[in-house]
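Residue numbers for the sequence shown, in the numbering used here: 11 to 305.
Okay, so here's the structure we're looking at.
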Amino acid sequence: MSADVIDGKAFAANIREKVAAEVARMKETAGVTPGLAVVLVGEDPASQVYVRSKGRMTREVGMESFEHRLNDDVSEQELLDLVETLNADPKVHGILVQLPLPGHMDSEKVINTIDPRKDVDGFHIQNAGRLMTGQKSMVPCTPLGCLMLLRDRLGDLAGLEAVVIGRSNIVGKPMAQLLLNERCTVTITHSKTKDLQAHLKRADIVVAAVGRAEMVKGDWLKPGACVIDVGINRLEPEPGKEKGRLVGDVDFASASEVAGAITPVPGGVGPMTIACLLANTVTACCRENGLAEPE
Ligand code: NDP
């Protein structure tokens, strides 16, 4: 193996330490405690795991955590009412509605009801537009975490060729926009892209956000590329095992023979997402209270 393995877990722990120090400073100097409200609708097991770990980590950094669990037969209006209540609550600086929502709800409507200043997921249309036009915004946590890892590894990204695989509103598009803001030359690819491999062959940076287990093979990559694997896919369990292994969208074994650096799954992008959520909540609280934002 030649690639350096990027330790997202350690990087994220470092961010959480900085967030904790910032929270302590805010409590002491301004008497404010950042608060994050997480809303979970239904019983989706993966979402329950995410919400539990978000709550735990929120408390660990000294912030207030407010968890709201609603049954999956709750009406859309009841959810919208809860969001409005949280919008008006001065103890809540960040609101996250865990996706996906049940089929009878309009996710866009729910997300766009969140006060954009409290939209720590960065999915509100105002924040998406602000990011696109280079204005101060809330940046979606997963792409923000990827960008931090890339900057740490590569320094100045200007002029680099970046290929993003996936064009979702929550990962692919904001990721491409962040890379464009860094002045990379950005290509967004998707399921209808012709000859994905030809694009990847010239990419200094690859961000894979597809949701297809181990799709990207080592021989598709430019030697030395920095590969950020966002995908979280569970394989079928091996005989005798209850759960299958978690893997990314990149075939780690072959890619790490060719790439210069690569994030593992798990332990790469995943922990960065929660760390950035906490950092965004601190940012929202600082903005709300007229305090200097952390760097
Ligand atoms: P979506 O399903 O919304 O988007 C997937 C994208 O991949 C689409 O744009 C789709 O193209 C594209 N795609 C599908 N098949 C191919 C293919 N064969 N070649 C090229 N592109 C393809 O997924 P998300 O963006 O929400 O998530 C992507 C992955 O990241 C998932 O595994 C998810 O679990 C993971 N994830 C991880 C997070 C973390 O914290 N680490 C956070 C969020 C997501 P098209 O648009 O044409 O259909």
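Every residue, glycine too, gets a C-beta built ideally from N, C-alpha and C.
Remember, predicted model here, so these are calculated numbers, not experimental data.
{"query": "Under a three-way DSSP split, which group does Leu210 fall into?", "result": "helix"}
{"query": "Apart from the five residues just before and just after Pro276, which ones in its own chain have a Cβ nearer than 6 Å to its Cβ?", "result": "Leu256"}
{"query": "Are at least three pairs of beta-carbons, each pair with one atom in the segment 133 to 146 and one in the segment 209 to 225, less than 8 Å apart?", "result": "no"}
{"query": "Where does the unbroken alpha helix (DSSP H) through Val107 begin, and where does it stop?", "result": "Element bounds for Val107: not the alpha helix (DSSP H) but the beta strand (DSSP E), Gly104 to Val107."}
{"query": "Answer yes or no: the CB of Leu288 versus the heavy atoms of ligand 1, is any distance below 7 Å?", "result": "no"}
{"query": "Could you tell me which residues DSSP puts in a beta bridge with His78?", "result": "Val49"}
{"query": "Can you tell me whether DSSP reads Ile135 as helix, strand or coil?", "result": "helix"}
{"query": "For the alpha helix (DSSP H) that Cys295 lies in, which residues bound it at each end?", "result": "Val279 to Asn299"}
{"query": "Considering only the alpha carbon of each residue, which of Gln87, Met73, Val49 and Ala219 lies closest to Leu109?", "result": "Val49"}
{"query": "Can you list the alpha helix (DSSP H) stretches of 4 or more residues lying completely in the segment 176 to 260, in chain order?", "result": "182 to 191 and 206 to 210"}
{"query": "Three or more C-beta pairs closer than 8 Å, one from the segment 112 to 126 and one from the segment 260 to 272: is that the case here?", "result": "no"}
{"query": "For the alpha helix (DSSP H) that contains Ser117, what are its first and last residues?", "result": "Ser117 to Thr123"}
{"query": "Do you know whose CA, among Ala168, Pro274 and Leu288, lies nearest Gly72's CA?", "result": "Leu288"}
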